[in-house]
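To start, the structure under review is shown below, and the notes come after it.
Numbering (the working numbering), first residue to last: -11 to 325.
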């Protein structure tokens, strides 16, 4: 019988999983519908769809790991189960982080105005540059996950059924060390996002100085685009720092006496990033934002149409028809005469 803490954990994980799948699934649905209508796709659509799919995979893996930990701790303590979950998590997590880096670089090359020759060449070849980075990052994620699944890192087994906690800690130690080493590669896309953020700030300040020279106080389209891109990259950087801070705590939880509670808390916090960031992407993209607001208007209109029908339906069902109600009144008989 699960404890109260475990029930709360499963409810929170299930709720975050539902919200995350809904938000990321909405991104996939809108962009795929546009592809079918236009018979064409842009670079930004490919990145957003791939990012949303990788986020859905991250949510499913983290949620599955949490449920297996609570419902079947003996299976979770097995080396094969840990390696399989870690491999899928590494693939989806690395893909998600790299796709976000591709999105940040796309914003940088499309919006920023920097006169350096290298930047101008990258800006002219933005499609090839971003798609090349996209494919290279996805292949890198696959290679790392396969290496994680097939690599021999050693495993220590303790055959004491009465001491499942010690067995879990000993079996988890090599896997945790392995995850920490391999996920240091996520610092590369983080550095790319940080560089994009700094260059966007530099481009914004330079653009603002030029606007002051022309004595125009109002914001133009370029300034608004800079601000939206900087907000998107800033939010990702903050989420990324929180996400990997919790990740380091979770992977070292086998050294903590209350490691089970740490894993549960880390799972709840970890799922916040892929769940909530999807709605930030929706509100930051004009096409997705318009489709999302249209859905909200449809839902609001549907509830408005149904709301006045509820009291009338309750009134009709609660009222019992009598024989007197079914017969016409005398005044009605005189009117037919």
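Ideal Cβ placement from N, Cα and C applies to all residues, glycine included. Predicted model only: the values in this text are computed from it and were never measured.
Distance check for residue j and residue i, CA to CA, integer angstroms please.
{"i": "residue 31", "j": "residue 62", "result": "45 Å"}
{"i": "residue 95", "j": "residue 21", "result": "23 Å"}
{"i": "residue -9", "j": "residue 2", "result": "17 Å"}
{"i": "residue 279", "j": "residue 18", "result": "7 Å"}
{"i": "residue 291", "j": "residue 109", "result": "52 Å"}
{"i": "residue 88", "j": "residue 39", "result": "7 Å"}
{"i": "residue 234", "j": "residue 130", "result": "24 Å"}
{"i": "residue 213", "j": "residue 102", "result": "15 Å"}
{"i": "residue 127", "j": "residue 104", "result": "30 Å"}
{"i": "residue 52", "j": "residue 107", "result": "43 Å"}
{"i": "residue 293", "j": "residue 287", "result": "10 Å"}
{"i": "residue 254", "j": "residue 27", "result": "42 Å"}
{"i": "residue 285", "j": "residue 25", "result": "23 Å"}
{"i": "residue 71", "j": "residue -2", "result": "23 Å"}
{"i": "residue 232", "j": "residue 84", "result": "13 Å"}
{"i": "residue 217", "j": "residue 23", "result": "24 Å"}
{"i": "residue 37", "j": "residue 4", "result": "20 Å"}
{"i": "residue 120", "j": "residue 6", "result": "33 Å"}
{"i": "residue 275", "j": "residue 33", "result": "10 Å"}
{"i": "residue 190", "j": "residue 215", "result": "12 Å"}
{"i": "residue 331", "j": "residue 176", "result": "Nothing in the structure corresponds to residue 331, since the chain is present only between -11 and 325."}
{"i": "residue 327", "j": "residue 283", "result": "Outside the shown range of the chain, which is -11 to 325, sits residue 327, and nothing can be said about it."}
{"i": "residue 135", "j": "residue 227", "result": "27 Å"}
Going by beta carbon distance, what residues of the same chain come within less than 8 Å of residue i, once the five residues before and after it are set aside?
{"i": "residue 118", "result": "31, 35, 90, 93, 94 and 97"}
{"i": "residue 211", "result": "192, 195, 196 and 199"}
{"i": "residue 132", "result": "78, 79, 82, 170 and 173"}
{"i": "residue 223", "result": "265 and 268"}
{"i": "residue 225", "result": "178, 181, 182 and 185"}
{"i": "residue 258", "result": "50, 231, 234, 235 and 238"}
{"i": "residue 281", "result": "none"}
Please tell me whether residue i and residue j are closer than 8 Å, where the distance is taken between their beta carbons.
{"i": "residue 266", "j": "residue 54", "result": "no"}
{"i": "residue 272", "j": "residue 220", "result": "yes"}
{"i": "residue 41", "j": "residue 16", "result": "yes"}
{"i": "residue 13", "j": "residue 270", "result": "no"}
{"i": "residue 86", "j": "residue 60", "result": "no"}
{"i": "residue 238", "j": "residue 251", "result": "yes"}
For residue i, collect the residues of the same chain with a Cβ closer than 6 Å to its Cβ; drop the 5 residues on either side in sequence, then sort them by chain order.
{"i": "residue 114", "result": "97"}
{"i": "residue 0", "result": "256"}
{"i": "residue 262", "result": "8, 43, 46 and 47"}
{"i": "residue 111", "result": "97"}
{"i": "residue 298", "result": "With a pLDDT of only 47 at residue 298, under the threshold of 50, the placement of this residue in the model should not be trusted; the figure read from the coordinates follows. None."}
{"i": "residue 122", "result": "90"}
{"i": "residue 116", "result": "none"}
Residue i and residue j look like a contact to me (Cβ under 8 Å); what is the Cβ gap, rounded to whole Å?
{"i": "residue 58", "j": "residue -6", "result": "5 Å"}
{"i": "residue 260", "j": "residue 188", "result": "Contact doesn't hold; Cβ gap of about 25 Å is too wide."}
Less than 7 Å between C-beta atoms, sequence neighbours within five positions excluded: which residues of the same chain meet that for residue i?
{"i": "residue 49", "result": "73, 76, 77 and 80"}
{"i": "residue 277", "result": "270 and 271"}
{"i": "residue 29", "result": "23"}
Can you tell me where the alpha helix (DSSP H) holding residue i begins and where it ends?
{"i": "residue 291", "result": "274 to 294"}
{"i": "residue 34", "result": "31 to 59"}
{"i": "residue 19", "result": "-8 to 26"}
{"i": "residue 112", "result": "105 to 112"}
Is the Cβ of residue i closer than 8 Å to any Cβ of chain D?
{"i": "residue 181", "result": "Note that chain D does not occur in the displayed structure, where there is just one protein chain."}
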